[in-house]
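Colleague: Structure below; questions to follow.
Number of protein chains: 2
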Amino acid sequence: MNVLLVHAHPEPGSLNGALRDFSIKRLEAAGHHVQLSDLYAMNWKAVLDANDSTAPPAGTRFDPSLDSGRAFANGTQTADIAGEQDKLRWADAVILQFPLWWYSMPAILKGWVDRVYAHGFAYGVGEHSDHHWGDRFGEGTMAGKRAMLVVTAGGWASHYSPRGINGPIDDILFPIQHGILYYPGFDVLPPHVIYRTGRLDQDRFARACAALGQRLDTLATTAPLPFRRQNGGAYDIPALTLRPELAPGRHGFAIHLDQA
Amino acid sequence: MNVLLVHAHPEPGSLNGALRDFSIKRLEAAGHHVQLSDLYAMNWKAVLDANDSTAPPAGTRFDPSLDSGRAFANGTQTADIAGEQDKLRWADAVILQFPLWWYSMPAILKGWVDRVYAHGFAYGVGEHSDHHWGDRFGEGTMAGKRAMLVVTAGGWASHYSPRGINGPIDDILFPIQHGILYYPGFDVLPPHVIYRTGRLDQDRFARACAALGQRLDTLATTAPLPFRRQNGGAYDIPALTLRPELAPGRHGFAIHLDQA
């Protein structure tokens, strides 16, 4: 497979840097082709603004959505954005690897999403009607591709457990896994989370690599999270609420997984 | 009160820009003192890195947490970070106002959190022992201050309803409200969310301002979300799981609110 690894840590010699190097080696040894977007090393521009198009805003005001759509359609995106979109088109699988900072991704990676996910590319795709609300949540540009998060966290696993103070890790990651990855069509694999990384000695690092290696070895075969397709009949359109007969009486992130 | 408004939108003439101007006028008319951190206008540096200290990393490698703690303790933080911390110390209430991009804040605002929330300032504060796991989640540097999110979203309210496809808005915002605001001690007010902002005509804008104005008028008096205090006996330490007799048998973000 073609694998794109998007990596966001400021220190090449960090645990995250070591996991990045381990992943590339492991994937290449298995015969995969790997491209790396090492956002700090690339000095990635994190902030979406009017300079993301080589053409001026079409209106009197910059509109983040409309102007990104025009730049995408007219070929006036900056080279860094177009380059990342090319990598995404090339990839069969995408791995986002990052430390959990304040319960989300580092700003530089959020800015990769904000800027690379152009209107017409990652959203605003497909028919919008009273029975099809865009190609999204199960359809879209990334359909047929796989994606996986590899996340390091300083806290303990119990802090992220179902009754842990931080909230369950699956819920913390839902806006990323469902809202950023499943939205444009990726099949999203279960995340790989490494906890308590502040105290990772040689032995625990070896075990962390073994566990991550196992996930990389099965990247092509692991069953994705069973998120429900938006346009497959599970949701009322345009309200986009889950139909009452599915997960009846329940609410929250978990109802968007078909666990029947 | 002293109110800090942190604002993150690239276009001054946008709806978000108009809401920013409206908020400042409304708050000042009520006698509050307002400081504005208009992150795009300030050309805020979004990306946390070794340049956030005027001193070199203490070790051979840059450590985002340890080095931010050293810079904070030694007075070697960059002026932009120290300036925002001063604004936070000055404020009695903080408003974060932003468009919801990919189910979270724009990268520039995430980068404000990543960089301003230094170790020793927003985390790593207070005793860490087997009965007190740091001054956080109800205690900390921001204790006694109020915070509120003002968020614009292109989607419909139903899309963010309890059974909406995006997930409930309270769950989407939990990592910010609980993880970023309550963590260092803020009392967090219910969020103010404005939906379907792509089609806001003059009439709906007037109504949006009226509703926001009402929230600003009651900034000092609105009851905060009843998040549970970490060190008040509700959680087992160090596992930091909610004690079994509280919200028995339940799990997820909502159990961290004391709704008894």
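From first to last, the protein sequence lines are chains Y and L. The UniProt record's numbering puts the first residue of the first sequence at 1, with every later residue one more than the last. The UniProt record's numbering puts the first residue of the second sequence at 1, with every later residue one more than the last. Built from N, CA and C at the ideal position, the CB exists for glycine as well. Quick caveat: nothing in here was measured; it's all calculated off a predicted structure.
(1) So, helix, strand or coil for Gln-202 of chain Y, using DSSP?
(2) Rounded C-beta distance between His-7 of chain L and Leu-36 of chain L? I'm assuming under 8 Å.
(3) For the structure I just gave you, are there three or more beta carbon pairs, one from the segment 132-146 of chain L and one from the segment 223-236 of chain Y, closer than 8 Å?
(4) Is Asn-166 of chain L buried or exposed, if buried means 16 or more other CB atoms sit within 10 Å of its CB?
(5) Between L:Asp-171, L:Phe-72, L:Ala-46, which lies nearest to Gly-111 of chain L when the distance is taken from Cα to Cα?
(6) Residues of chain Y with a CB under 7 Å from the CB of Ser-14 of chain L: which are they?
(7) In terms of residue numbering, what span does the alpha helix (DSSP H) encompassing Pro-99 of chain L cover?
(8) Quick one: list the residues of chain Y neighbouring Pro-56 of chain L, beta-carbon separation under 7 Å, in chain order.
(9) Rounded to the nearest angstrom, what separates Arg-146 of chain L and Ala-93 of chain L at their Cα positions?
(10) Please state whether DSSP places Ala-143 of chain Y in a helix, a strand or coil.
(11) Indicate whether at least one CB of chain Y lies closer than 9 Å to the CB of Gln-230 of chain L.
(12) Does Glu-139 of chain Y get closer than 9 Å to chain L when you measure Cβ to Cβ?
(13) Measure the CB-CB distance between His-178 of chain L and His-119 of chain L and report whether it falls below 9 Å.
(14) Ignore the nearest five residues each way along the sequence and tell me which others in Gly-233 of chain Y's own chain have a CB closer than 7 Å to its CB.
(15) Rounded to whole angstroms, what's the CA-CA distance from Leu-109 of chain L to Asp-217 of chain Y? Just pull it up for me.
(16) Pro-50 of chain Y versus chain L: which residues are under 9 Å apart at the beta carbon?
(17) Which of helix, strand or coil does DSSP assign to Trp-133 of chain L?
(18) For the segment 189-205 of chain Y against the segment 151-166 of chain Y, do three or more pairs of beta-carbon atoms, one drawn from each stretch, fall closer than 8 Å, so that the two count as touching?
(19) Any C-beta of chain Y sitting closer than 9 Å to the C-beta of Phe-186 of chain L?
(20) In angstroms with no decimal places, state the Cα-to-Cα distance between Ser-68 of chain Y and Glu-245 of chain L.
(21) List in chain order: all unbroken alpha helix (DSSP H) runs of 4+ residues lying wholly within the segment 45-116 of chain Y.
(22) If distances are taken between C-alpha atoms only, which option among L:Ile-24, L:Asn-74, L:Ala-55 comes closest to Cys-209 of chain L?
(23) Residue range of the alpha helix (DSSP H) that Leu-219 of chain Y falls in?
(24) Give every residue of the same chain whose Cβ lies closer than 6 Å to the Cβ of Asn-231 of chain Y, excluding the five residues on either side of it in the sequence, and list them in chain order.
(25) Apart from the five residues just before and just after Ala-73 of chain Y, which ones in its own chain have a Cβ nearer than 7 Å to its Cβ?
(26) Would you give the residue range spanned by the beta strand (DSSP E) that Asp-38 of chain Y belongs to?
(27) Thinking Ala-91 of chain Y and Asn-2 of chain Y are a contact (beta carbons under 8 Å), I'd like their distance in whole angstroms, please.
(28) Please determine, among L:Ala-79, L:His-192, L:Gly-59, the residue with the shortest C-alpha to C-alpha distance to Met-42 of chain L.
(29) Would you please state the rounded distance, in angstroms, between the beta carbons of Pro-190 of chain L and Ser-104 of chain Y? I believe it to be under 8 Å.
(30) Work out the CA separation of His-128 of chain Y and His-159 of chain Y for me, nearest whole Å.
(31) Roughly how many angstroms separate the alpha carbons of Ser-65 of chain L and Leu-173 of chain L, rounded to a whole number?
(32) Quick one, which of Y:Thr-241, Y:Gly-17, Y:Arg-243, Y:Gly-31 has its alpha-carbon nearest Leu-219 of chain Y's?
(33) Less than 9 Å between the beta carbons of Leu-15 of chain L and Val-34 of chain L, yes or no?
(34) Could you spell out the range, first to last residue, of the beta strand (DSSP E) harbouring Ile-194 of chain L?
(35) Starting from Asn-16 of chain L, trace the alpha helix (DSSP H) both ways and give me its first and last residue.
(36) So, for Phe-62 of chain Y: in the same chain, excluding its five sequence neighbours on each side, which residues have a beta-carbon less than 6 Å away from its beta-carbon?
Modeller: Let me lay it out:
(1) helix
(2) His-7 of chain L to Leu-36 of chain L, Cβ: 6 Å. Contact.
(3) no
(4) buried
(5) L:Ala-46
(6) Arg-61
(7) Note, Pro-99 of chain L: premise wrong, no alpha helix (DSSP H); beta strand (DSSP E) at 93-99.
(8) Within 7 Å Cβ-Cβ: nothing; Pro-56 of chain L doesn't reach chain Y, min ~13 Å.
(9) 4 Å
(10) coil
(11) yes
(12) no
(13) no
(14) Excluding five sequence positions before and after Gly-233 of chain Y, none of the CB atoms of its chain fall closer than 7 Å to its own CB.
(15) 36 Å
(16) Checking the displayed sequence, the identity of residue 50 of chain Y turns out to be Ala instead of Pro. Here the neighbours are Pro-10, Glu-11.
(17) Looking at Trp-133 of chain L - three-state DSSP - the assignment turns out to be strand.
(18) yes
(19) no
(20) 51 Å
(21) Whole alpha helix (DSSP H) segments, 4+ residues: 64-74, 79-90, 107-116.
(22) Nearest C-alpha to Cys-209 of chain L: L:Ile-24.
(23) Looking at the DSSP string, Leu-219 of chain Y is not in any alpha helix (DSSP H), and its letter there is neither H nor E.
(24) So the list reads His-132, once near-sequence residues are dropped.
(25) Gly-120
(26) 33-38
(27) Separation of the CB atoms of Ala-91 of chain Y and Asn-2 of chain Y is rounded to 5 Å, and the pair is thereby assigned contact status at 8 Å.
(28) L:Ala-79
(29) So it is not a contact: roughly 21 Å between Cβ atoms.
(30) 41 Å
(31) 24 Å
(32) Of the listed residues, the one whose Cα sits closest to Leu-219 of chain Y is Y:Gly-31.
(33) no
(34) 192-194
(35) 15-29
(36) Same-chain partners within the cutoff: Ala-50.
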